[in-house]
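Visitor: Pasting a structure here, questions to come.
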């Protein structure tokens, strides 16, 4: 099962005022979208990776996983660009493994990818 992948977007948000102070915090964010042929495939992949959602969070980065119909979205937030890149790489690998495991289970033979 191959998902069509939308390009990763990164944006810089400036948020203000923490505890009454005018403080600016930089948060880097990227949303990865994976579109599948059917809702069942999307559900299988989402269920496989959502268990890692709280496991990979650390002081510098975190992620959320959501599924809508045939689309799985992983949003990675990080305090710096190095952590964002590492988070994106980790989540792309997790989704890839979930896709390949599902392909093997369905007998698709896509394990060489």
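Numbering (this note's numbering), first residue to last: 4 to 116.
Where a beta carbon is used, it is the ideal one built from N, C-alpha and C, also for glycine.
Can you give me the C-alpha to C-alpha distance between residue 59 and residue 90, rounded to a whole angstrom?
Guide: About 8 Å.
Visitor: Buried or exposed: which applies to residue 41, given that a residue is buried once 16 or more other Cβ atoms fall within 10 Å of its Cβ?
Guide: So residue 41 ends up on the exposed side.
Visitor: Which of helix, strand or coil does DSSP assign to residue 48?
Guide: Of the three classes helix, strand and coil, the one that applies to residue 48 here is helix, per DSSP.
Visitor: I'd like to know whether the C-beta atoms of residue 74 and residue 37 end up nearer to each other than 8 Å.
Guide: Against a cut-off of 8 Å, the Cβ pair of residue 37 and residue 74 comes out as a contact.
Visitor: Quick one: residues in its chain with C-beta nearer than 7 Å to the C-beta of residue 93, no 5 flanking neighbours on either side, listed in chain order?
Guide: So the qualifying residues of the chain are 59.
Visitor: Would you give the residue range spanned by the beta strand (DSSP E) that residue 76 belongs to?
Guide: Where residue 76 is concerned, the enclosing beta strand (DSSP E) stretches over 74-81.
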